[in-house]
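Asks: Let me give you the structure first, and then I'll get to my questions.
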């Protein structure tokens, strides 16, 4: 099946609204160039094949070319599952386009399979007619047998429904590196760069960035750098000269707002947001954290920014991580802890202590599949109720969520603002999809970021009538208590987990005081609503009868689904929540405007439960917990059904 | 006036950059530090609510009368505690304090001490708090050598929950939760701390004001984590637990006083002594049966913790042959100082520029 001329048009199942392909084949060239408005590529291989690196490099090339993009890394929890097996398959999908895209795409237009396992694990998701590139060298009897192929799919005709290009990627890489001095095993490892070179040719990607990257990464191993660059160039040149690929593709840059851009992942953006929050508040940042997937990259990133006075402490466990952060907050730092769901479970008691002591603290939960150890490398939104209620006693905590990788930056700054201004722990719910996914990000001016200094306001003078310091005397507007830090003379005080007497903060077992303090702590969190913007509603015509409400990383898939609906001539409103506790003050009124409200979530209906409880609105829950983001086509079908039939029954998991 | 040296190793003169301005401003707002204190300056208006006769009162008094001698202003001292009878301690000290949650005081104090090297940070904990629910935090604080002083009140019982056996209770102890006797082998807190490579480990008796004060003084002056085990009588649930050592008739017989540079001779008329055994450990001998040169001369500064560990193993569960004093006191860089040094090093090229950080590596510009 080699030697075909792939003509790839975006399949109907991808997420954004397809526009007709404007093809052009410049005359005079042996090879033709086809213009596409967008492409979804999935790279799949063994977890040792370097697919994530390849994907990240292709992403960087694509970002610097000026396309809009979204990425979806997908890898197993095992560092190296047995080679060539289905559990060891790692993949990286990205969608890039000449217009803004909201998701990494429902299904790939192009699948690169580095071995039989990668083919078997991913082929079902490649729509018929899609382009399939495989490494022919890996389709050995032994590798085929490992994944249960009785015959070689490259030869038995079973791939006839796709445009299959079978390329001996491994042996061509070895040929290219024959003079590199590297052994066979080492040289073979560059096959991902050969593949990247081929794709870079196919999609007219700039190559300088990757060459610089390889030189930088392997600066201490120049022979490895040289081999990877040679393989990368060989792959590019192969595309240019081979007859196997007669066509290459052009995807024009997407129109974006003027400004300076970079590519950024959610975890990177969170880390930078936390550094920025420290700078904008004038407080030293202290991170206490224990390694956990998929949050560890925030610890790694922050540990590199000591020049900003950022202290990172890798604790002995999750509890010590948050404990140290709270201790640092007591001393006047911006205390932060980062974790995933299982870590939040362990931190619960300390979060309660932070609620009681009313100290600022930012808790970042990069959610993953649960319960228990669950699916460490897969995404889910199932910690919302844990964030809301996972503590003993009445222990309200503000909850916010970012909607995209770049938005993680703003969410981190907002979490710090609330924590400092209201002297409270704040829960920021990211997830695995946001954490590892990437997108172009408009780099903000540091001076344009919120000024958090007014929120700090350390107490330095006694505030009581008798010249004493009252640590639980509150700001009448925010209800934040006075925050005096150790080292400040005359302000010595003791705080702790026992119930506090109003104003003095002394231990109090008085029933009326406990009732008052419990209600006051709740009122303080509820009052945050006064400081947040009104509900974010996107309803271009302003008269939709059906609204879709979401939070967190479902923003992209829901947004893409809403575009589809609108393109079909129907009307739908998209409501997306940054603040989940407290909700925006107008949310109840906003929900009341619509005949139907649909709530897609990657859990079994946790936000829907909160909305129903608070607003008595008959929210229709649509849920999935497959460890992967929603497909926008599927969401569009649910929305369309609700609009057309008045029947919003979900395809699965609907709350009845 | 004591200087605030946030983010900097002791003795460094370069300011840590603008990050600590808010803290520095707050801390310096009051001008001169008042360091000439009296014991009463450290008392609070809170009613002390330990049971009458509790050993905690004695310890509180000893601490309040000894702390002024350190010359540290009240506002620069922070006492962090966990949960248990001993952990009420911060409420009675006119310093900054946090009465936190069960077992976690060393973790909280670590964050505070690491981010505020200008403070004198103390942890007050008990045998249940430090060795059971908080055992993990204790050993890691000790191995990291964060600059703090941990006072471990050991009464060998759970007092606040009304009398269950603790991780230091002796085997066979009959308590509310062990009607047929405890099956748990107890921890020896000093051995545990030395096993974690603690740089300072001492032991004192609540009723021995002089000995307690001396160990506390050395602990407070030590740079790094100090652990002081204080035998403390719970007169309600475990009364007389340390009577063997307190009773003037038996105490001298079973107590081995540790004095740096002095031979380990003890007991009435110095009848007993400590010598090396044949297996790299120590044993008790009768002084008149051994050569004087064979008697061990106490050296708390030995780098290798094996000697101090061997000392800690001399005592039995029933407290016979209990060494009291400073087991080990060695100098190692403290965690907070090393952390500050890394920050200092990172800032040698000037403090970080936020705009440069946000721009990161590869960027591209879209023009209108």
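Residue numbers (my numbering), protein chains in the order written: chain U, 1 to 656; chain F, 657 to 1024. For every residue, glycine included, the Cβ atom is placed at its ideal position computed from N, Cα and C. Predicted, not measured: the structure shown is a model, and the values here were computed from it.
1. I'd like to check one pair, residue 729(F) with residue 689(F): are the Cβ atoms closer than 8 Å?
2. Can you find the residues in the same chain that come closer than 6 Å, C-beta to C-beta, to residue 956(F), ignoring five residues on each side of it along the sequence?
3. Along the segment 180-196 of chain U, what residues have a CB closer than 7 Å to any CB found in chain F?
4. Does any residue of chain F have a CB that is nearer than 8 Å to the CB of residue 141(U)?
5. Does the segment 710-719 of chain F come close enough to the segment 462-469 of chain U to have 3 or more Cβ pairs within less than 8 Å?
6. Tell me the rounded alpha-carbon separation between residue 631(U) and residue 126(U).
7. Select from the segment 506-529 of chain U all residues with a C-beta closer than 8 Å to any C-beta belonging to chain F, and list them in chain order.
8. Using a beta-carbon distance below 8 Å, is residue 284(U) in contact with chain F?
9. With a threshold of 8 Å between beta carbons, is residue 778(F) in contact with chain U?
10. Might you give, ordered along the chain, the residues of its own chain that have their beta carbon closer than 6 Å to the beta carbon of residue 22(U), omitting 5 neighbours on each side?
11. Give the residues of chain C in contact with residue 415(U), contact being defined as C-beta atoms less than 9 Å apart.
12. What are the boundary residues of the beta strand (DSSP E) that residue 924(F) is part of?
13. Could you work out which residues of chain U lie near residue 775(F), taking near to mean beta carbons separated by less than 9 Å?
14. Can you give the Cα-Cα distance for residue 927(F) and residue 861(F), rounded to whole angstroms?
15. For chain F, find out if any of its Cβ atoms is closer than 8 Å to the Cβ of residue 460(U); answer yes or no.
16. Short of 6 Å in beta carbon distance, which residues of its chain neighbour residue 218(U), apart from the five on each side in sequence? Order them along the chain.
17. Just to make sure I have the definition right: I need the residues of chain F whose C-beta is within less than 7 Å of the C-beta of residue 469(U). Which are they?
18. For residue 755(F), go through chain U and note every residue whose CB falls closer than 8 Å to its CB, in chain order.
19. Roughly how many angstroms lie between the CA atoms of residue 324(U) and residue 404(U), to the nearest whole one?
20. Check the Cβ of residue 793(F) against every Cβ in chain U and list those closer than 7 Å, keeping chain order.
21. From the beta carbon of residue 388(U), is the nearest beta carbon of chain F less than 8 Å away?
22. Report the residue from 583(U), 548(U), 578(U) whose alpha carbon sits nearest the alpha carbon of residue 637(U).
23. What are the start and end residues of the alpha helix (DSSP H) that includes residue 194(U)?
24. If we define contact as Cβ-Cβ less than 8 Å, is residue 52(U) a contact residue for chain F?
25. Select from 491(U), 570(U), 526(U) the residue whose C-alpha is nearest the C-alpha of residue 542(U).
26. When you compare the CB positions of residue 608(U) and residue 573(U), do they come within less than 8 Å of one another, or not?
27. How should residue 185(U) be labelled, buried or exposed, when 16 other C-beta atoms within 10 angstroms of its C-beta is the threshold for buried?
28. Name the chain U residues whose beta carbon is nearer than 8 Å to that of residue 844(F)?
29. Which residues in the same chain have their Cβ closer than 7 Å to the Cβ of residue 188(U), if we skip the five residues on either side of it in sequence?
30. For residue 878(F), which option in 799(F), 977(F), 825(F), 988(F) has the closest C-alpha, if you only look at C-alpha atoms?
31. For residue 1021(F), return the contacting residues in chain U, with the cut-off set at a CB-CB distance below 9 Å.
32. Of all Cβ atoms in chain U, is any one closer than 8 Å to the Cβ of residue 814(F)?
33. Along chain U, in chain order, which residues have C-beta atoms closer than 9 Å to that of residue 1007(F)?
34. What are the boundary residues of the beta strand (DSSP E) that includes residue 247(U)?
35. For residue 836(F), count neighbouring Cβ atoms within 10 angstroms of its own Cβ and tell me buried if that reaches 16, exposed if not.
36. On the criterion of 16 or more Cβ atoms from any shown chain inside 10 Å, does residue 953(F) qualify as buried, or is it exposed?
Replies: Based on what the coordinates show:
1. Locating residue 689(F) in the second chain gives position 33, counting from the first residue. Locating residue 729(F) in the second chain gives position 73, counting from the first residue. In this structure, residue 729(F) lies closer than 8 Å to residue 689(F) by Cβ.
2. Stepping through the second chain from its first residue, residue 956(F) is reached at position 300. So the qualifying residues of the chain are 916, 982, 984, 985.
3. Residues of the segment 180-196 of chain U with a Cβ closer than 7 Å to any Cβ of chain F: none.
4. The residue labelled residue 141(U) in the question sits at position 141 within the first chain. No, its Cβ sits nowhere closer than 8 Å to a Cβ of chain F.
5. The answer is no - the segment 462-469 of chain U does not touch the segment 710-719 of chain F, with fewer than three Cβ pairs under 8 Å.
6. The residue given as residue 631(U) occupies position 631 in the first chain. The residue given as residue 126(U) occupies position 126 in the first chain. Going from the Cα of residue 631(U) to the Cα of residue 126(U) covers about 14 Å.
7. Residues passing the 8 Å Cβ filter: 506, 507.
8. Mapped onto the first chain, residue 284(U) falls at position 284. Flagged as an interface residue toward chain F: residue 284(U), by a C-beta distance shorter than 8 Å.
9. For the purposes of this step, residue 778(F) is taken as the residue at position 122 of the second chain. Not an interface residue.
10. As a first step, residue 22(U) is located in the first chain; it is residue number 22 there, counting from the start. Summary for residue 22(U): the model assigns pLDDT 42, below 50, so the residue's position carries little reliability; its value from the coordinates is reported in the next sentence. Cβ within range, chain order: 35.
11. Going by chain labels, chain C is absent from the structure shown, which instead holds the protein chains U and F.
12. For the purposes of this step, residue 924(F) is taken as residue 268 along the second chain, with counting starting at 1. First-last for residue 924(F): undefined, no H or E at that position.
13. As a position in the second chain, residue 775(F) is number 119, starting the count at 1. Neighbours of residue 775(F) in chain U, taken as residues whose beta carbon is under 9 Å from its own, are 331, 486, 487 in chain order.
14. Indexing the second chain from 1 puts residue 927(F) at position 271. Indexing the second chain from 1 puts residue 861(F) at position 205. Rounded to whole angstroms, residue 927(F) to residue 861(F) spans 22 Å at the Cα level.
15. Mapped onto the first chain, residue 460(U) falls at position 460. Chain F contact via Cβ: present.
16. Walking along the first chain from the start, residue 218(U) turns up at place 218. Setting aside the 5 residues that flank it on each side, residue 218(U) is surrounded in the same chain by 224, 225, each with a C-beta closer than 6 Å to its C-beta; the list follows chain order.
17. Counting from one through the first chain, the residue named residue 469(U) turns up at place 469. Those within 7 Å of residue 469(U) in chain F number zero; the least Cβ separation is about 11 Å.
18. Along the second chain, one-based indexing puts residue 755(F) at 99. Residues of chain U passing the Cβ test: 494, 495, 496, 497, 498.
19. Sequence index remark: in the first chain, residue 324(U) carries index 324 (1-based). Sequence index remark: in the first chain, residue 404(U) carries index 404 (1-based). So the alpha carbons of these two residues sit roughly 29 Å apart.
20. The residue you call residue 793(F) lines up with position 137 of the second chain. Going along chain U in sequence order, the residues near residue 793(F) (Cβ under 7 Å) are 316, 320.
21. As a first step, residue 388(U) must be located in the first chain, where it is residue number 388. It does not: the Cβ of residue 388(U) has no partner Cβ on chain F nearer than 8 Å.
22. On the first chain, residue 637(U) is found 637 positions in, with the first residue counted as 1. Checked all of 583(U), 548(U), 578(U); the closest Cα to residue 637(U) is 548(U).
23. Taking the first chain and counting its residues from 1, one reaches residue 194(U) at position 194. Here the alpha helix (DSSP H) through residue 194(U) covers 191-202.
24. Numbered from 1 along the first chain, position 52 holds the residue referred to as residue 52(U). Not closer than 8 Å to any Cβ of chain F, the Cβ of residue 52(U) fails to qualify, so no.
25. As a first step, residue 542(U) is located in the first chain; it is residue number 542 there, counting from the start. Nearest of 491(U), 570(U), 526(U) to residue 542(U), Cα basis: 570(U).
26. The residue you call residue 608(U) lines up with position 608 of the first chain. The residue you call residue 573(U) lines up with position 573 of the first chain. Contact flag unset, no.
27. Your numbering for residue 185(U) matches position 185 in the first chain. Exposed is the label assigned to residue 185(U), since fewer than 16 other Cβ atoms lie within 10 Å of its Cβ.
28. Translated into the one-based positions of the second chain, residue 844(F) becomes position 188. Neighbours of residue 844(F) on chain U: none; closest Cβ ~21 Å, over 8 Å.
29. Taking the first residue of the first chain as 1, we reach residue 188(U) at position 188. Closer than 7 Å at Cβ, skipping near neighbours: 170, 173, 174.
30. The residue you call residue 878(F) lines up with position 222 of the second chain. It is 988(F) whose Cα lies nearest to the Cα of residue 878(F).
31. Residue 1021(F) sits at position 365 when you count from the first residue of the second chain. The contacting residues are 258, 259, 260, 261.
32. If you number the second chain from 1, residue 814(F) lands on position 158. Under the 8 Å criterion on CB atoms, residue 814(F) is classed as non-interfacial with respect to chain U.
33. The residue labelled residue 1007(F) in the question sits at position 351 within the second chain. Within 9 Å Cβ-Cβ: 307, 308, 309.
34. Residue numbering aside, residue 247(U) sits at position 247 when the first chain is read from its first letter. Per DSSP, residue 247(U) belongs to the beta strand (DSSP E) from 247-250.
35. Here residue 836(F) refers to the residue found at position 180 when the second chain is read from its first residue. Answer is exposed; the Cβ neighbour count stays below 16.
36. Working through the second chain from its first residue, we reach residue 953(F) at position 297. Exposed.
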